[in-house]
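Peer 1: Count the sequence shown with the working numbering and you get residues 13 to 490, in order.
Every residue, glycine too, gets a C-beta built ideally from N, C-alpha and C.
These numbers were taken from a predicted model, which means no experiment stands behind them.
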Amino acid sequence: MTDTKGEAAKDEGEASQFFQAYEQSKDKPCYVYDVNVKGNARTKRYLIDRELEGARNAESLSEILDALLVASSQLSGLDVFKKCDLFIDVGPANRPEAVNIDVTVEEQSPYSLDAGTYVQGGEASVEGSVGLKNVLGHAERLEAAAAIGNERSNTYHLSLTQPRFRGTESVAELGIAQAIRSFQKHSSVTEKSRGLQASVSNGGHSFAYELAWRELGDLHKRASKTIRRQAGHAVKSALMHTYRLDARDNVGRPREGHFVKSQVELAGVGADSRLLRYIRSEVTVQKIFSLPLRDTALCLTGRCGLVVPWGKADEGPPITVADRFFAGGVGSLRGFKNKGLGPQDRRMSTTHEEEAEQQSGGADGAGEEDDGWSSKTDVLGGDVVATGAAQLTFGLPNRVLNVLGVYGHLFANVGTVATLEECLGVRSFAGTLRASCGIGMVIPTPFGQAEINYCQVLRAKDDDKVKRGVQVGLAMLI
13 MTDTKGEAAK DEGEASQFFQ AYEQSKDKPC YVYDVNVKGN ARTKRYLIDR ELEGARNAES
73 LSEILDALLV ASSQLSGLDV FKKCDLFIDV GPANRPEAVN IDVTVEEQSP YSLDAGTYVQ
133 GGEASVEGSV GLKNVLGHAE RLEAAAAIGN ERSNTYHLSL TQPRFRGTES VAELGIAQAI
193 RSFQKHSSVT EKSRGLQASV SNGGHSFAYE LAWRELGDLH KRASKTIRRQ AGHAVKSALM
253 HTYRLDARDN VGRPREGHFV KSQVELAGVG ADSRLLRYIR SEVTVQKIFS LPLRDTALCL
313 TGRCGLVVPW GKADEGPPIT VADRFFAGGV GSLRGFKNKG LGPQDRRMST THEEEAEQQS
373 GGADGAGEED DGWSSKTDVL GGDVVATGAA QLTFGLPNRV LNVLGVYGHL FANVGTVATL
433 EECLGVRSFA GTLRASCGIG MVIPTPFGQA EINYCQVLRA KDDDKVKRGV QVGLAMLI
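The following block contains the structure:
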């Protein structure tokens, strides 16, 4: 016991002597004489030297120490090291003002394998990816990914990512992709695209360019006239800017903080007559207030978006269902079904099919009746989307549910999906709004946020697809 106390006192004394010596010499002239690196079996030496440039330019011990703290953070940001230790050692005996820097790194495995699930637009998908990291020694990452949805959507993507691009805080990415997005269930069409995308991200900002050949086809035999007019080939050449700020204390169930995400897209960069030409903007904001009641919070969420064509009216393909906005369902506008509101067009039908529909109660055998979805119309999407939600979250009086992260909520939703013409004027816009309220329970899962709600629809249009009473669904985290 006495030896332990003696050793502790000795350590404290040595630490005190170190800090005293540091305080006396921290502002005296000092420079880095040499840098020794160990453990970089694959990583190129220039990557490490680049991050230590600030330390090499320092002129005092305190400046060197500050620069090493920055370098440690930047080296960790490369995401290729399990461990990165930096030490200051004495320099040569004939150079009393010099110090050496010893860098010891432990590299991560160059191989990665990931898998997961997600829900987007009412479609559940399974995704997987394989990656090679830092194989060439430049901290690069090559990744091949695939995602397959339960409604025949799929995506295949190959990307090359470079963190700290050219020594900056930016992340550069170049990728090629092939994607199939199925709109068959609600809009009788499928979108196929092949192309490339290049992006540079820094902090919360991301700038990207996309060039893709798109085809809207595989029309259902009863696709509406509007959908048929949109079918065909087009070229998308677009510049995009995305900004994201997340200051919430918890993404799954925030109790305070705020969130902002905005995206602006300019399609039609170039002179080809087949280019899609539109400007698309979407903003999502969220503010959470902590309430004095135990384990309660008020969450206010708003989303608005607008897409408009530009250029000559007869120039280029029209804006299609693939670029318009939708709403409805858990996580969007509760009390309405997925894509359950907004512009629609009647599907084409034959006399024989109409008779079959009457005999079967309106179903056409396409699998839509199990969702309660009418097979008589195609959803076209809107030029304008605006939704708002007020959500009062609270803990449940059950320890097991609390441990699992399950909580209750009271909610009120309002929103619309409409054409631009319908929203010209305050009165016209107000006339398109729908509203709902209710109470429910939220269950966090690996697939997203599962909600079991009891909904009361307060305002709807005759052709809306509503879900009064119990509504169960999955919502993606924003």
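Looking only at its chain, what residues have a beta carbon closer than 6 Å to the beta carbon of leucine 257, apart from the 5 residues adjacent to it on each side?
Peer 2: The residues are Gly216, Val272.
Peer 1: Suppose you measure from the CA of proline 321 to the CA of glutamine 209; what does that come to, to the nearest Å?
Peer 2: Approximately 22 Å, taken between the alpha carbons.
Peer 1: Check whether the Cβ atoms of cysteine 311 and threonine 431 sit closer than 9 Å, and answer yes or no.
Peer 2: No, these two residues do not count as a Cβ contact at 9 Å.
Peer 1: Smallest Cα separation from histidine 421: which of Arg178, Asp261, Met453?
Peer 2: With distances taken between Cα atoms, histidine 421 lies closest to Met453.
Peer 1: Measuring CA to CA, which of Leu436, Ala398, Thr457 is closest to leucine 416?
Peer 2: Minimum Cα distance to leucine 416 is reached at Thr457.
Peer 1: Where does valine 578 land, buried or exposed, given buried means 16+ other C-beta within 10 angstroms?
Peer 2: One cannot answer for residue 578 here, as it falls past the ends of the chain, which runs 13 to 490.
Peer 1: Would you list the one or two residues that DSSP bridges to tyrosine 221?
Peer 2: Tyrosine 221 pairs with Ala210, Leu251.
Peer 1: How far does the alpha helix (DSSP H) with glutamine 86 in it extend, from its first residue to its last?
Peer 2: It spans 73–89 - the alpha helix (DSSP H) in which glutamine 86 sits, taken as one unbroken run.
Peer 1: Can you tell which of Arg267, Leu170, Trp225, Asp474 has the C-alpha that lies nearest to the C-alpha of leucine 303?
Peer 2: Checking every option, the nearest Cα to that of leucine 303 belongs to Arg267.
Peer 1: Using 10 angstroms around the beta-carbon of alanine 127, count the other beta-carbons present and answer buried if the total reaches 16, otherwise exposed.
Peer 2: Under this definition alanine 127 is an exposed residue.
Peer 1: Could you please give me the residues that DSSP links to proline 456 through a beta bridge?
Peer 2: Gln461.
Peer 1: Cβ of asparagine 214 within 9 Å of Cβ of glutamate 181?
Peer 2: Yes, they are a contact pair.
Peer 1: Quick check on the burial criterion: 16 or more other C-beta atoms within 10 angstroms. Buried or exposed for leucine 305?
Peer 2: Exposed: under 16 other Cβ atoms inside 10 Å.
Peer 1: So glutamine 190 packs on tyrosine 168, CB below 8 Å; how close in whole Å?
Peer 2: About 5 Å separates the two Cβ atoms, so the contact holds.
Peer 1: DSSP three-state call for glycine 373: helix, strand or coil?
Peer 2: Note on glycine 373: pLDDT 46, under 50, position unreliable in the model; the coordinate value appears next. Glycine 373: coil per DSSP, three-state reduction.
Peer 1: Taking the DSSP output, what are the residues bridged to lysine 145?
Peer 2: Looking at the DSSP assignment, lysine 145 forms a beta bridge with Arg153.
Peer 1: Helix, strand or coil for serine 9? Go by DSSP, reduced to three states.
Peer 2: The shown model of the chain, from 13 to 490, leaves out residue 9, and the question about it has no answer.
Peer 1: Taking the alpha carbon of lysine 477 as the reference point, which residue from Leu345, Ala279, Gly460, Gly140 has its own alpha carbon closest?
Peer 2: Nearest of Leu345, Ala279, Gly460, Gly140 to lysine 477, Cα basis: Leu345.
Peer 1: Leaving aside the five residues before and after asparagine 52 along the sequence, list all residues of the same chain whose C-beta is less than 6 Å from its C-beta, in chain order.
Peer 2: Answer for asparagine 52: Val117, listed in chain order.
Peer 1: When you compare only the Cα positions, how much space is there between glutamate 367 and serine 361?
Peer 2: With a pLDDT of 49 at glutamate 367, under the threshold of 50, the modelled position of this residue cannot be trusted, and the question is left open.
Peer 1: Identify every residue that forms a DSSP beta bridge with arginine 54.
Peer 2: Answer by DSSP bridge pairing: none, since arginine 54 is not bridged.
Peer 1: Below 6 Å CB to CB, which residues in the same chain sit around cysteine 449 once its five sequence neighbours on both sides are set aside?
Peer 2: Cβ neighbours of cysteine 449 beyond the five flanking positions: Ala424, Gln468.
Peer 1: Taking all protein chains shown into account, decide if valine 147 is buried (16 or more other Cβ within 10 angstroms of its Cβ) or exposed.
Peer 2: Counting Cβ neighbours within 10 Å, valine 147 comes out exposed, since fewer than 16 surround it.
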